[in-house]
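Student:
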Amino acid sequence: MPETVAVRPGNRVFIDKQHPDAYRALAATAQAAKDAAAAAGLDRTLVELVNLRVSQLNACAYCLNLHTRAALRAGETTQRLGVLAAWRDTELFTSRERAALALAEATTRPADAGTQTAAYAEARVAFSDDEISAVIWVAITMNAFNRVSVMSKHPVRESPAVPVQ
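See the structure below:
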């Protein structure tokens, strides 16, 4: 029987702790995606909106908590974070943010070919090739982290308040 490194109540394994080399490789990929986004000139708040929207779609409480705090630190407003799940129904997001959110959703739910095609067409108008690639890489890595946290049932613990913008 394999040695167990980190088992949680409810018989969940913290897979990031169980296989740390795999997790470090994922973290390195995520850092490369973050670097690509910065090099492409994508604003940090846009990247955090992508991280949050992907995490909303995947119902990843741990990543939602983490990236809400990161978005607030980057200057995002509580109003926009509060309506992010319904971003299509508000005018609070720019055309570039809307294109990035649509592309992030299409990356998270790739089986919907029509939505994917429409999102890519919108992204083509709003972004350069480097920016499109960076948004997709951010969404891909966020999806991977969501799966690590959801399958491990990473807990969300109460933490100090983040200053409100």
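Just so we're aligned: the sequence shown equals residues 56 to 220 in the numbering used here. Each residue gets a CB set at the ideal place from its N, CA and C atoms; glycine is no exception. Predicted model, so just to flag it, every value in this text is computed and none were measured.
Short of 6 Å in beta carbon distance, which residues of its chain neighbour Arg-135, apart from the five on each side in sequence? Order them along the chain.
Tutor: These residues qualify, in order along the chain: Leu-147.
Student: Could you compute how far the alpha carbon of Thr-273 sits from the alpha carbon of Pro-75?
Tutor: The question about residue 273 has no answer here: the residues shown for the chain are numbered 56 through 220.
Student: Return helix, strand or coil for Ser-79, following the three-state DSSP convention.
Tutor: Reading the sequence as shown, one finds Arg at residue 79 and not Ser. If DSSP states are grouped into helix, strand and coil, Arg-79 belongs with the helices.
Student: Provide the residue span of the alpha helix (DSSP H) that contains Leu-185, from first to last.
Tutor: The question names Leu, yet the displayed sequence has Asp at residue 185. Taken as a continuous stretch (DSSP letters only), the alpha helix (DSSP H) holding Asp-185 covers 184-207.
Student: In the structure shown, what three-state DSSP assignment does Arg-212 receive?
Tutor: It is coil, neither helix nor strand.
Student: Beta-carbon within less than 8 Å of Arg-212's beta-carbon, same chain only, minus the 5 sequence neighbours each way: which residues are those?
Tutor: Excluding sequence neighbours, Arg-212 sits near nothing in its chain.
Student: If you draw a straight line from the C-alpha of Lys-208 to the C-alpha of Ala-199, how long is it?
Tutor: Cα-Cα distance, rounded: 14 Å.
Student: Could you tell me whether the Cβ atoms of Val-109 and Ala-159 are closer together than 7 Å?
Tutor: The answer is yes: Cβ separation under 7 Å.
Student: Decide if the segment 168-181 is in contact with the segment 141-157; the criterion is three or more beta carbon pairs, one per stretch, under 8 Å apart.
Tutor: Output reads yes: the segment 141-157 touches the segment 168-181.
Student: Going straight from the alpha carbon of Thr-100 to that of Ala-126, what length do you get?
Tutor: Answer to the nearest angstrom: the Cα atoms are 6 Å apart.
Student: Is the beta carbon of Ile-70 closer than 7 Å to that of Val-205?
Tutor: No, they are not a contact pair.
Student: Whole angstroms are fine: how far does the CA of Asn-106 sit from the CA of Asn-201?
Tutor: Rounded to the nearest angstrom, the two C-alpha atoms are 10 Å apart.
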